[in-house]
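A.B. asks:
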Amino acid sequence: MSFNKTKEVIEEGDVVILYLNPNNIYSLEVKAKTFNKKAELVDNVFQTTYGALKVISLVGQKYGSKIELTKGWAHVLQPTPELWTMILPHRTQIIYSPDISLITHLMELKPGSTIIETGTGSGSLSHSLIRVIRPNGHLYTFDFHEQRVSIANTEFDRHGLSDFVTLKKRDVCLDGFGEELKHKIDAVFLDLPHPWLVIKHATVVLKQIGGKLCFFSPCIEQVQRTCAKLICEGFIELNTYECLQREMNVQYRSLPILDFECLKYKHTNENITEKNERRERKQEGKLLTVIHAQSLPGHTGFITIATLPPSCHRCTQK
Ligand SMILES: C[S@@+](CC[C@H](N)C(=O)[O-])C[C@H]1O[C@@H](n2cnc3c(N)ncnc32)[C@H](O)[C@@H]1O
315 MSFNKTKEVI EEGDVVILYL NPNNIYSLEV KAKTFNKKAE LVDNVFQTTY GALKVISLVG
375 QKYGSKIELT KGWAHVLQPT PELWTMILPH RTQIIYSPDI SLITHLMELK PGSTIIETGT
435 GSGSLSHSLI RVIRPNGHLY TFDFHEQRVS IANTEFDRHG LSDFVTLKKR DVCLDGFGEE
495 LKHKIDAVFL DLPHPWLVIK HATVVLKQIG GKLCFFSPCI EQVQRTCAKL ICEGFIELNT
555 YECLQREMNV QYRSLPILDF ECLKYKHTNE NITEKNERRE RKQEGKLLTV IHAQSLPGHT
615 GFITIATLPP SCHRCTQK
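Structure follows, in structure tokens:
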């Protein structure tokens, strides 16, 4: 239940993150027994490249502490939406943390916001949205795929997040979001193949002053078509962004060091000796440098934000 609140010490039933190294991160439910492939109840022992871990032995350990495995060690961490996004079981394409940060900022989310997300997919974005809007906000999330809805529901429950989210199986293009949400929603987020088919339904549920609509689309053609629909429906302040995270590497490098004495001599005396040239070239030192990473992560998608103005303003616009 530790997604819901930060804790000092691990208790039975918590979901914890087991961090071996950047490429080996896992989530574990702290319980004594688990079912094996033959559906038999057995001791809950988790196998890693550094050996086995009896999962129930984590009870009483401090979050952030280093724990022994049979052939090495790992850290046990508090679960966060960012770590969950790195390790969750993919049922669909997901939205990653750099895009999520821009989405939550553009939608102006805060504790107490009431929001809609569709489709739920693998629940990557949902976990971050819930963290922003709790404790007194609510996320309504929709997906038309039965199995994805069922798995996401189980995960929200296991992570102690059920009080902050309502997950419904629905085709939102056909059926919209439901009368009960009419003009109650601060922001709607769309991540599905035909966002333009949902705009009309969004205008019904958004609050009448300043409701935000945000959508994520990999292709610019989807963006153009959806923006045209947004303008038709009276949305204003449309902006589309692409969020590219660029890493910086900090490392020691051997670099030539300028010899200013030698340079001064060079300027004042054209007949610089070969000895001086050699001295200038030889001077090298190990310096702490910061350089851009060689590769830049590629395109994920375009993020578009729009605002629904008060209805009287919309009438004069049309
Ligand atoms: C790319 S995934 C969403 C991923 C999600 N944003 C995440 O970060 O995990 C798109 C989802 O939209 C759902 N979907 C597509 N069309 C839909 C519709 N008309 N109504 C409801 N859900 C729909 C799909 O079933 C799929 O799960």
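Numbers given in the working numbering equal positions in the sequence shown, counted from 1, plus 314.
Glycine included, every Cβ here is placed at the ideal spot set by N, Cα and C.
Predicted, not measured: the structure shown is a model, and the values here were computed from it.
1. At a threshold of 8 Å, does Phe478 count as lining ligand 1 (C-beta to nearest heavy atom)?
2. Which whole-angstrom value is the C-beta distance of Gly474 and Asn318, which I expect to be below 8 Å?
3. Is the beta carbon of Leu495 sitting closer than 9 Å to the one on Val519?
4. Check whether the region 514-532 touches the region 487-505, taking contact to mean three or more Cβ pairs, one atom from each stretch, closer than 8 Å.
5. Identify, in the order they occur along the chain, each residue of the same chain with its Cβ nearer than 8 Å to the Cβ of Tyr566, setting aside the five sequence neighbours on each side.
6. Please report whether the beta-carbon of Leu481 lies at a distance below 9 Å from any beta-carbon of chain B.
7. With C-beta atoms as the reference, is Ser442 less than 9 Å away from Thr418?
8. Nearest-angstrom Cα distance between Thr428 and Phe491?
9. In angstroms, rounded to a whole number, what distance separates the CA positions of Asp477 and Cys533?
10. Name the residue from Ile414, Leu402, Glu551 whose alpha carbon lies nearest to the alpha carbon of Cys557.
11. Just tell me which of Leu383, Tyr364, Thr363 has its CA closest to the CA of Leu372.
12. Are there three or more Cβ pairs, one per stretch, closer than 8 Å when the region 400-412 is compared with the region 358-369?
13. Shortest alpha-carbon distance to Trp398 belongs to which of Lys521, Ile605, Val329?
14. In terms of alpha-carbon separation, which member of Ala542, Asp489, Asn467, Gly433 lies closest to Pro507?
15. Measuring alpha carbon to alpha carbon, tell me which of His389, Gly435, Thr618, Val323 ends up nearest Gln538.
16. Put Asp500 into one of helix, strand or coil per three-state DSSP.
17. Where does the unbroken beta strand (DSSP E) through Asn645 begin, and where does it stop?
18. Any heavy atom of ligand 3 within a distance shorter than 8 Å of the CB on Glu431?
19. Under DSSP, the alpha helix (DSSP H) around Glu396 begins and ends at which residues?
20. Is any non-hydrogen atom of ligand 1 found closer than 8 Å to the C-beta of Thr540, if you look at the structure I gave you?
21. If you measure between the beta carbons of Ile401 and Ile324, is that distance less than 9 Å?
22. Going by beta carbon distance, what residues of the same chain come within less than 8 Å of Lys321, once the five residues before and after it are set aside?
23. Excluding the 5 residues flanking Asn350 on each side, which residues of the same chain have their C-beta closer than 8 Å to its C-beta?
24. By DSSP, does Ile605 sit in helix, in strand, or in coil?
25. So which of Pro570, Glu547, Leu572 has the shortest CA-CA distance to Thr621?
26. Roughly how many whole angstroms lie between the Cα atoms of Asp471 and His613?
27. Assign Thr320 to one of three DSSP states: helix, strand, or coil.
28. Short of 8 Å in beta carbon distance, which residues of its chain neighbour Gln375, apart from the five on each side in sequence? Order them along the chain.
29. Do you know offhand how far Lys352's Cα is from Lys483's?
30. If you draw a straight line from the C-alpha of Gln522 to the C-alpha of Ile339, how long is it?
31. If we count the other Cβ atoms within 10 Å of its Cβ and call it buried at 16 or more, is Gly437 buried or exposed?
32. Between Val463 and Leu481, how many whole angstroms is the CB-CB distance? I'm expecting something under 8 Å.
C.D. replies: In this structure, then:
1. No, the beta carbon of Phe478 sits no closer than 8 Å to any heavy atom of ligand 1.
2. Going by Cβ atoms, the distance from Gly474 to Asn318 rounds to 4 Å, so yes, they are a contact pair.
3. The Cβ atoms of Leu495 and Val519 lie closer than 9 Å to each other.
4. At 8 Å Cβ cutoff, the stretches touch.
5. Counting only Cβ-Cβ distances below 8 Å, and skipping sequence neighbours, we find Lys600, Leu601, Leu602, Thr603.
6. Here there is only one protein chain, and chain B is not present.
7. Less than 9 Å divides the Cβ of Ser442 from the Cβ of Thr418.
8. Taking the straight line joining both Cα atoms gives about 13 Å.
9. Each residue's alpha carbon lies about 35 Å from the other.
10. From the listed residues Ile414, Leu402, Glu551, the smallest Cα separation to Cys557 is found for Ile414.
11. Of Leu383, Tyr364, Thr363, the residue nearest in Cα terms is Leu383.
12. The way I'd put it, the region 400-412 doesn't touch the region 358-369; fewer than three beta-carbon pairs between them come closer than 8 Å.
13. Residue Val329 is the option with its Cα nearest to Trp398.
14. The shortest Cα separation from Pro507 among Ala542, Asp489, Asn467, Gly433 belongs to Gly433.
15. In terms of Cα proximity to Gln538, the closest of His389, Gly435, Thr618, Val323 is Thr618.
16. In this structure, DSSP gives Asp500 a state outside helix and strand, which the three-state scheme calls coil.
17. Residue 645 is absent from the structure shown; the chain starts at 315 and stops at 632.
18. Ligands displayed in this structure: ligand 1; ligand 3 is not among them.
19. First-last of the alpha helix (DSSP H) with Glu396: 395-401.
20. Ligand 1 has no heavy atom closer than 8 Å to the beta-carbon of Thr540.
21. Taking 9 Å as the Cβ cut-off, Ile401 and Ile324 do not qualify as a contacting pair.
22. Counting only residues of its own chain and dropping the five nearest sequence neighbours on each side, Lys321 has a CB closer than 8 Å to the CB of Asp328, Tyr377, Gln392.
23. The residues are Val356.
24. Three-state DSSP puts Ile605 in a strand.
25. It is Glu547.
26. Distance between the alpha carbons of Asp471 and His613 is about 33 Å.
27. Three-state DSSP puts Thr320 in coil, outside helix and strand.
28. Same-chain partners within the cutoff: Val323, Ile324, Ile381, Val390.
29. For Lys352 and Lys483, the distance between alpha carbons rounds to 31 Å.
30. When rounded, the distance between both Cα atoms is 44 Å.
31. Answer is buried; the Cβ neighbour count reaches 16.
32. In this structure, Val463 and Leu481 form a Cβ contact; the two beta carbons are roughly 6 Å apart against a cut-off of 8 Å.
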